[in-house]
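Undergrad: Submitted below is the structure of interest, expressed as structure tokens.
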Amino acid sequence: MYQHIVLIGMMGVGKTTVGRLLARKLGRPFLDTDQEIVKREGRSIEAIFAVSGEEGFRQIETGVLQSLLEMPQPTVIATGGGIVLREENRALLRQLGYTIWLQLDAARLVERLAHSQPQMRPLLFREDWPQVVATLMKQRQGLYQTVADYSVAVAAKSPLQIVQEICQIVRVLERG
Ligand code: S3P
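The opening residue of the sequence shown carries number 29 in the working numbering; numbering runs sequentially from there.
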């Protein structure tokens, strides 16, 4: 069976930007789980959190992840930062293919998130959101680690450099 390339990591680390570029470079389709959730539900992430809560969102996220097993061709997949929280999702991520963890320290993440569109990240709709980023990161580090086939430190690298690094990693992984 072919392997998808799945990008995991915290909000703001650049999974979508890198994923799009990587897909273009490899000539593969690109899919972002958050965008897929919005498309399937016909409502925004913000609306899903407001009406159904985080638990409702996670339920939908798992459904999307399950359905990706049926995808007909090798795809580059960018995931939401909390996708690793459920055991079930971690097993699905392992099944989908090569999982690459994009890593950045909390201070730089906060810097990036301060300049990003907040709508897709209701968990950060609060005054002390930088603190929330640090806390979530602590809670999730171990989970990212258990799922990742490989990790890439993204600090001080351009998206294109990161893409090149991932291509090298995938070549090595594919050789087995
Ligand atoms: C979340 C990250 C978001 C989105 C949702 C929850 C999280 O995706 O799935 O707001 O729990 O970290 P990004 O990682 O693409 O921002």
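Ideal placement from N, C-alpha and C gives every residue a C-beta, glycine not left out. What you are looking at is a predicted structure, and each value in this text was computed from that prediction instead of being measured.
Compute the Euclidean distance between the alpha carbons of L121 and D156, then round it to the nearest angstrom.
TA: About 31 angstroms.
Undergrad: Can you list, in chain order, every residue whose CB sits closer than 5 angstroms to a heavy atom of the ligand S3P?
TA: Output, sorted by chain position: M39, D62, G108, G109, G110 and R149.
Undergrad: Apply the 10 Å Cβ neighbour rule to K43 and answer buried if 16 or more other Cβ atoms are within range, or exposed otherwise.
TA: The residue in question, K43, is buried, as its Cβ has 16 or more Cβ neighbours within 10 Å.
Undergrad: Using the DSSP secondary-structure output, state which residues sit across from Y178 in a beta bridge.
TA: Note: Y178 sits in a beta bridge opposite I128.
Undergrad: Output the boundary residues of the beta strand (DSSP E) element that contains D60.
TA: First-last of the beta strand (DSSP E) with D60: F58 to D60.
Undergrad: How should L87 be labelled, buried or exposed, when 16 other C-beta atoms within 10 angstroms of its C-beta is the threshold for buried?
TA: Note that residue 87 is Gln in the sequence shown, not Leu. Counting Cβ neighbours within 10 Å, Q87 comes out exposed, since fewer than 16 surround it.
Undergrad: Between the Cα of D62 and the Cα atoms of E89, Q31 and Y172, which residue gives the shortest distance?
TA: For the residues E89, Q31 and Y172, the minimum Cα distance to D62 belongs to E89.
Undergrad: DSSP state of R111, grouped into three classes?
TA: First, the residue type needs correcting, since residue 111 is Ile and not Arg in the sequence shown. Three-state DSSP puts I111 in coil, outside helix and strand.
Undergrad: Measure the alpha-carbon distance for I105 versus Q123 and round it to whole angstroms.
TA: I105 and Q123: Cα-Cα distance of roughly 13 angstroms.
Undergrad: Pull up the distance between the alpha-carbon of V41 and that of I194, whole angstroms please.
TA: So the alpha carbons of these two residues sit roughly 15 angstroms apart.
Undergrad: Taking the alpha-carbon positions, what's the L98 to A51 distance?
TA: One detail in the question is off: residue 98 reads as Glu in this sequence, not Leu. So the two alpha carbons sit approximately 18 angstroms from each other.
Undergrad: Since A142 is in the alpha helix (DSSP H), which residue starts that stretch and which ends it?
TA: Start and end: A134 to A142.
Undergrad: Rounding to the nearest angstrom, what Cα-Cα distance links M165 and G91 in this structure?
TA: Looking at the two C-alpha atoms, the distance is approximately 24 angstroms.
Undergrad: Can you check the stretch 57-89 for any alpha helix (DSSP H) of at least 4 residues that lies completely inside it and give the ranges in chain order?
TA: List check, alpha helix (DSSP H) in window: 61-69.
Undergrad: Cutting at 7 angstroms between CB atoms, please list the residues of its own chain near T127, excluding the five before and the five after it.
TA: Same-chain partners within the cutoff: V34, I36, L121, V175, A176 and D177.
Undergrad: May I ask you to report which of helix, strand or coil DSSP gives L35?
TA: Three-state DSSP puts L35 in a strand.
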